[in-house]
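Engineer: Anchor point for the sequence shown: position 28 equals 29 in my numbering, and the numbering is continuous, going up by one each time. Even glycine gets a Cβ: it sits at the ideal position worked out from N, Cα and C.
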Amino acid sequence: MLLVEDESLVAMNVEDMLLDLGCEVVLAMRLDKALAYASSEPFDLAVLDVNLGDARSYPVADLLFERCTPFLFATGYGRQGLEGAYRKVPVLQKPYQAGPLEHLLIHLLTCEVPARKDNLELRVACACQDPGCPEGSGSFRADPGR
Numbered sequence: 002m003l004l005v006e007d008e009s010l011v012a013m014n015v016e017d018m019l020l021d022l023g024c025e026v027v028l029a030m031r032l033d034k035a036l037a038y039a040s041s042e043p044f045d046l047a048v049l050d051v052n053l054g055d056a057r058s059y060p061v062a063d064l065l066f067e068r069c070t071p072f073l074f075a076t077g078y079g080r081q082g083l084e085g086a087y088r089k090v091p092v093l094q095k096p097y098q099a100g101p102l103e104h105l106l107i108h109l110l111t112c113e114v115p116a117r118k119d120n121l122e123l124r125v126a127c128a129c130q131d132p133g134c135p136e137g138s139g140s141f142r143a144d145p146g147r
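Given below as structure tokens:
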């Protein structure tokens, strides 16, 4: 999992939450590092802080869209704080809490998510719509044996 977060204490807290869920985490605290990781390594998921100091994480989001990597934005401003082209991306409201983080990760792994930012989205089939698999059933474990 790629975690892009520029605040040290927040990054450590979220990294701990993700590790508790069994994720392997690659942390980028600057836009240039996040772009390098997103363009060179495959990730199953990503969590992007929107505001990275003077920069925004939108270029990383664009790379993840191109690679069809599910991701969410984390921001204290909610969906209203996003540029219009990114408003269909799931948003985790800061401050981070373990329950909502886990819920959104499950959603990213099992449900329809935008695969592109423009109006010509591709959609990933949602396992949650299967009558035998109600949304929220089970819990997220990146490493079930852990």
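Could you check the C-alpha separation between D17 and A86 for me, to the nearest Å?
Structural biologist: Cα to Cα, the separation comes out at about 31 Å.
Engineer: Under the criterion of a Cβ to heavy atom distance below 7 Å, does T111 qualify as lining the ligand MG?
Structural biologist: This structure does not include the ligand MG; it has no bound ligands of any sort.
Engineer: Three or more C-beta pairs closer than 8 Å, one from the region 75-89 and one from the region 49-58: is that the case here?
Structural biologist: At 8 Å Cβ cutoff, the stretches touch.
Engineer: What's the gap between the Cα of P145 and the Cα of G23?
Structural biologist: Any reading at P145 must be qualified, since the residue scores a pLDDT of 41, below 50, and its modelled position is unreliable; the value itself is stated next. Roughly 8 Å separates the two Cα atoms.
Engineer: To the nearest angstrom, report how far apart A62 and F72 are at their CA atoms.
Structural biologist: Each residue's Cα considered, the two are about 8 Å apart.
Engineer: In this structure, what does DSSP give as the bridge partners for L49?
Structural biologist: For L49, which the question treats as bridged, DSSP gives the partners V5, F74.
Engineer: Give every residue of the same chain whose Cβ lies closer than 7 Å to the Cβ of L19, excluding the five residues on either side of it in the sequence, and list them in chain order.
Structural biologist: Answer for L19: M2, L4, V26, listed in chain order.
Engineer: I need the DSSP call for A126, collapsed to helix, strand or coil.
Structural biologist: Any reading at A126 must be qualified, since the residue scores a pLDDT of 37, below 50, and its modelled position is unreliable; no value is offered.
Engineer: What's the C-alpha gap between L10 and K95?
Structural biologist: Straight-line Cα distance between these residues: approximately 13 Å.
Engineer: Can you tell me which residues form a DSSP beta bridge with V27?
Structural biologist: V27 is bridged to L3.
Engineer: Restricting to Cα atoms, I'd like to know which of Y59, F74, L110, A56 is closest to L93.
Structural biologist: Of the listed residues, the one whose Cα sits closest to L93 is F74.
Engineer: Indicate whether L28 and A12 have their beta-carbon atoms separated by less than 8 Å.
Structural biologist: In contact: L28 and A12 (Cβ atoms closer than 8 Å).
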